[in-house]
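To start, the structure itself, in structure tokens.
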Amino acid sequence: MSNEILKAIQYRRTVNQASFTEQPVSKDDITLILEAANAAPTHKRTQPWRFVVFQNKGLQRLGDELSRLYKEITPVEKYSELAEQNMAKKATMSNVAIAIIVNYSGDLPEWEELAATSCAVQNLWLAAHSLNIGGYWATPGLINHLDSFLELEANQKCIGLFYMGHHDGELREPVRTPIAEKVRWED
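Our numbering puts the first residue of the sequence shown at 271, with every later residue one more than the last.
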């Protein structure tokens with residue numbers, strides 16, 4: 271495939287912490303990635319996406335908070351010390367974590383603001399991919415308890431954490447069922 275945009279769309283994949291290298295993600299690269307996110311389409315230009323970027327000591331604070339929340343809200347019968355440790359590890363094994371936040375304007379249906387924010391995340395992911403920075407969008411139930419930690423306003427909601435890091439993995443072939451199975455043509 272010769273078109274670089276189409277190739278990026280086809281080959282962008284989830285890359286998790288086990289594949290991250292020690293190479294730091296520069297602030298310039300993070301800014302470039304966030305600028306790409308900011309170019310997402312948005313109805314009435316509400317631009318509902320907001321991001322909180324965690325690096326270095328911020329990753330440790332995020333990991334500590336995720337671990338604390340897991341311990342606090344998990345019923346005793348479902349609690350696992352390993353799961354608690356893994357909550358913190360996901361943050362601290364990343365080079366960067368970005369909290370993804372929807373800022374509901376009240377001017378549009380919530381689903382439109384959520385859709386626009388999701389488009390911003392896709393742009394973010396594609397921009398990261400273009401810089402050989404891997405990542406993934408995590409949506410643990412704990413995100414519903416991060417409001418005060420993230421200093422969210424009443425009209426805002428965290429919809430995930432995007433973990434990122436440089437990686438040296440190979441491009442993987444896409445695994446998708448044929449588009450013909452998902453489209454009905456009305457001529």
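We treat Cβ as the ideally placed atom computed from N, Cα and C, and that holds for glycine.
Because the structure is a prediction, the values reported are computed rather than measured.
Quiz prompt | Limits of the alpha helix (DSSP H) - the one that His399 falls within | solution = Note, His399: alpha helix (DSSP H), 380-400.
Quiz prompt | Opposing strand residues paired with His437 [DSSP bridges] | solution = Phe290
Quiz item: Can you list, in chain order, the residues of its chain whose CB lies under 8 Å from that of Trp395, leaving out five sequence neighbours each side?
Solution: The residues are Arg282, Gly405, Trp407, Phe432.
Exercise. Return the bridge partner residues of Tyr340 from the DSSP annotation.
Key: Tyr340 pairs with nothing; no bridge assigned.
Exercise. Would you be able to state if there are at least three C-beta pairs under 8 Å between the stretch 316-323 and the stretch 350-359?
Key: Taking 8 Å as the limit for Cβ pairs, the verdict is that the stretch 316-323 does not touch the stretch 350-359.
Quiz prompt | Residues of its chain near Leu465, where Cβ-Cβ distance is below 7 Å and the 5 sequence neighbours each way are ignored | solution = Residue 465 lies beyond the range of the chain shown here (271 to 457); nothing can be said about it.
Quiz item: Mind checking Thr284: buried by the 16 CB within 10 Å criterion, or exposed?
Solution: exposed
Quiz item: Which one or two residues does DSSP pair with Ile371 in a beta bridge?
Solution: Arg320, Cys428
Quiz item: Going by the beta-carbon positions, is the gap between Gln280 and His436 smaller than 8 Å?
Solution: no
Quiz prompt | Alpha-carbon spacing of Lys327 relative to Gly333, whole angstroms | solution = If I take the Cα positions, the gap works out to 10 Å.
Quiz item: Roughly how many whole angstroms lie between the Cα atoms of Ala307 and Cys389?
Solution: In this model, Ala307 and Cys389 are separated by some 8 Å (Cα to Cα).
Self-check item: Selection from Tyr374, Ile449, Gln392, Gln426 that minimises the alpha carbon distance to His313
Solution: Tyr374
Self-check item: Three-state class that DSSP yields for Val366 in the structure shown
Solution: strand
Self-check item: Val335 versus Pro311: straight-line alpha-carbon distance, rounded
Solution: Sequence check: residue 335 is Glu here, not Val. So the two alpha carbons sit approximately 32 Å from each other.
Exercise. Could you spell out where the beta strand (DSSP E) holding Tyr406 opens and where it closes?
Key: 403-408
Quiz item: Start and end of the alpha helix (DSSP H) containing Glu347?
Solution: In this chain, Glu347 is not harboured by any alpha helix (DSSP H), its DSSP state being neither H nor E.
Self-check item: For Ala358 and Ser337, the rounded distance between their alpha carbons
Solution: 5 Å
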